[in-house]
Amino acid sequence: MVNMGSNGAVDIFTTCPGNTSEAVADRPGFYTEGGPSYIKRVIDVARWSEECGFKGILIYIDNSMVDNWKLAQMVIEHTERLVPLLAVQPIYMHPYWVAKQIATFGHLYGRQVALNMLAGAFPLDLKELGDTTPHDDRYKRMTEYATAIVKLLESSSPVTYESDYYKLNHVKMKPPLPKHLMPAVLLSGSSDAGMQAARALGAVAVRYPKPVEFYEQNPLETGIQFGIRLGIIAREYKEQAWAIARARFPEDRKGQLTHLLAEKVSDSVWHHDLSGVKKDLTEGYPYWLGPFQNYKTFCPYLVGTYREVSEIVARYMAVGFKTFITDILPDKEELFHQKIVFELALQLKQIGQRGGAVASEVGQR
Amino acid sequence: MLTEGALRDQVNSLFVDHLSVDVPSHETDLLESGLLDSLGFVELLVQIEKKFGVAIGLEDIEIDRFRSVSMIAACVGDKLKGM
Chain A
47 MVNMGSNGAV DIFTTCPGNT SEAVADRPGF YTEGGPSYIK RVIDVARWSE
97 ECGFKGILIY IDNSMVDNWK LAQMVIEHTE RLVPLLAVQP IYMHPYWVAK
147 QIATFGHLYG RQVALNMLAG AFPLDLKELG DTTPHDDRYK RMTEYATAIV
197 KLLESSSPVT YESDYYKLNH VKMKPPLPKH LMPAVLLSGS SDAGMQAARA
247 LGAVAVRYPK PVEFYEQNPL ETGIQFGIRL GIIAREYKEQ AWAIARARFP
297 EDRKGQLTHL LAEKVSDSVW HHDLSGVKKD LTEGYPYWLG PFQNYKTFCP
347 YLVGTYREVS EIVARYMAVG FKTFITDILP DKEELFHQKI VFELALQLKQ
397 IGQRGGAVAS EVGQR
Chain B
959 MLTEGALRDQ VNSLFVDHLS VDVPSHETDL LESGLLDSLG FVELLVQIEK
1009 KFGVAIGLED IEIDRFRSVS MIAACVGDKL KGM
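These protein sequence lines map, in sequence, to chains A and B.
The first sequence finishes on residue 411 if you use my numbering, and the numbering steps up by one all the way, no holes.
The second sequence finishes on residue 1041 if you use my numbering, and the numbering steps up by one all the way, no holes.
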């Protein structure tokens, strides 16, 4: 069995089920009721993810959702090594307190978390909190915020840091965080400002990807690590996969109108990029934007046989994407199908690399 | 073809019947007054499509065109004329 979580080639995360007090539209994987049933759901998905060899689990946050740090604690308490990948929005919490929580997890549980830095993709959410910071300035703020967090965690001496948005004055993080528990930093962003932030932080730039052909024709920038979020529905037979996909994400006019509204108000580059992907590229091709266009999720989906989906995943790996975050799971069975895809993709990638090495060797003779 | 007045009345009834919102007048600024939020806006679009048999597209979703019942009625009237 290929160990997906720590084989050194790629990092693969699942996504935690969401809990929200309001549903803009019915979204698979989101629950409005709290209590024991939702808690069990979170714990189950975390355990399944670990059992199947995934590295970690993304835990969302936005104004409508429950506190994801509480969910991270639940994940840590019910798994042994799964890494909570926490979405972090600068306006929610001072960077000192983010560092404090990370250090506390390290001190109490000996466990690592990862951070998915958000500059803020929902303008309405920010407006509700009185924040009207323009798009590019939000990335600057996010960069300074993440810098402050990392400085607090990595330094054994008191930290003094002054930037446009944050000031730290000779403050030492207690308890200290062991070096091996330093959080990986990822960030969401496809814009120039997002790329600049990724470079400055040495962060993994995560995006909702276009079809893989785009990246085969337009290579990723060097010097930055890249990741993608996508959904996967793969089965032995293509018709089977598509039947499941359409049942899970039926056409929904309310969702489509919500998507149009989001398209109108969003200042996110990725949202406009995905909305502009040509329709003819998606019809019947494993890359499917139906869920996105019906406002059920933001991920493109790969739908098809294990072979054709894993070949596309292998191609994403080949162009340089090293982190994969899959969409929220409907059940444990789906996780096993995804595991098959990633294992096949990793094998294809290795075969491709060996073939390339052989070709190179032959060429040198 | 409905008169402007009839259109305004029918749009107003959408607020009452489907959004449970009592709009003081056809000129009330729905956004400034907080009577129409993002969730309500989507529901309104759904109901406009059902009631008037029109299809809302990206080009129609200009927030300022939905500031009042009168403006919404005018928007619907334009869509109906274009059909």
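Cβ coordinates follow ideal geometry from the N, Cα and C atoms, glycine included.
Task: Length of the line joining the Cα atoms of Gly51 of chain A and Leu381 of chain A - done: Any reading at Gly51 of chain A is ruled out, since the residue's pLDDT is 48, under 50, leaving its predicted position unreliable.
Open item on the list: Determine whether the beta carbon atoms of Ala160 of chain A and Pro229 of chain A lie at a separation below 8 Å.
Closed with: yes
Open item on the list: Can you list, in chain order, the residues of its chain with a C-beta nearer than 6 Å to that of Val258 of chain A? Leave out the 5 residues immediately preceding and following it.
Closed with: Ile358, Arg361 and Tyr362
Task: Span of the alpha helix (DSSP H), counted from its first residue to its last, around Thr412 of chain A - done: What the structure shows of chain A is the stretch from 47 to 411, and residue 412 of chain A is not part of that stretch, so it cannot be assessed.
- [ ] Name the two residues that bound the continuous alpha helix (DSSP H) containing Lys1039 of chain B.
- [x] Val1027 to Lys1039
Task: Counted within 10 angstroms of its Cβ, other Cβ atoms place Gln384 of chain A as buried (16 or more) or exposed - done: buried
TODO: Hey, could you find the ends of the beta strand (DSSP E) Tyr352 of chain A is sitting in?
DONE: No beta strand (DSSP E) contains Tyr352 of chain A, which is instead part of the alpha helix (DSSP H) from Tyr352 to Val365.
TODO: Can you tell me which of the three DSSP states Ile1014 of chain B falls into?
DONE: coil
Open item on the list: So, with DSSP's three-state summary, where would you put Asn970 of chain B?
Closed with: helix
Task: Coil, strand or helix - Thr61 of chain A by DSSP - done: strand
Task: Cβ shell of Gly994 of chain B (< 6 Å), same chain only, five flanking positions each side left out - done: Note that residue 994 of chain B corresponds to Leu in the displayed sequence, not to Gly. Counting only Cβ-Cβ distances below 6 Å, and skipping sequence neighbours, we find Leu988.
Task: Own chain residues within Cβ distance below 8 Å of Ile107 of chain A, not counting five before or after - done: Asp113, Asn114, Leu132, Ala133, Val134, Gln135, Tyr138 and Leu164
Task: Burial state of Arg966 of chain B (16 or more Cβ within 10 Å) - done: buried
Task: Given 8 Å, three or more beta-carbon pairs between the region 116-125 of chain A and the region 178-188 of chain A - done: no
Task: Beta-carbon gap between Leu170 of chain A and Ser971 of chain B smaller than 8 Å - done: no
- [ ] Could you tell me the distance, in whole angstroms, from the CA atom of Gly240 of chain A to the CA atom of Cys1033 of chain B?
- [x] 37 Å
Open item on the list: Output needed for Ala364 of chain A: all residues of its chain with C-beta closer than 7 Å, excluding positions within five of it in sequence on either side, in chain order.
Closed with: Lys395 and Gly398
Open item on the list: Is there a C-beta anywhere in chain B that falls below 8 Å from the one on Val70 of chain A?
Closed with: Confidence at Val70 of chain A is low in this model, with a pLDDT of 49, below 50, so the placement of that residue should be treated as unreliable; the coordinate-derived value is given next. Yes - at least one Cβ of chain B is within 8 Å of the one on Val70 of chain A.
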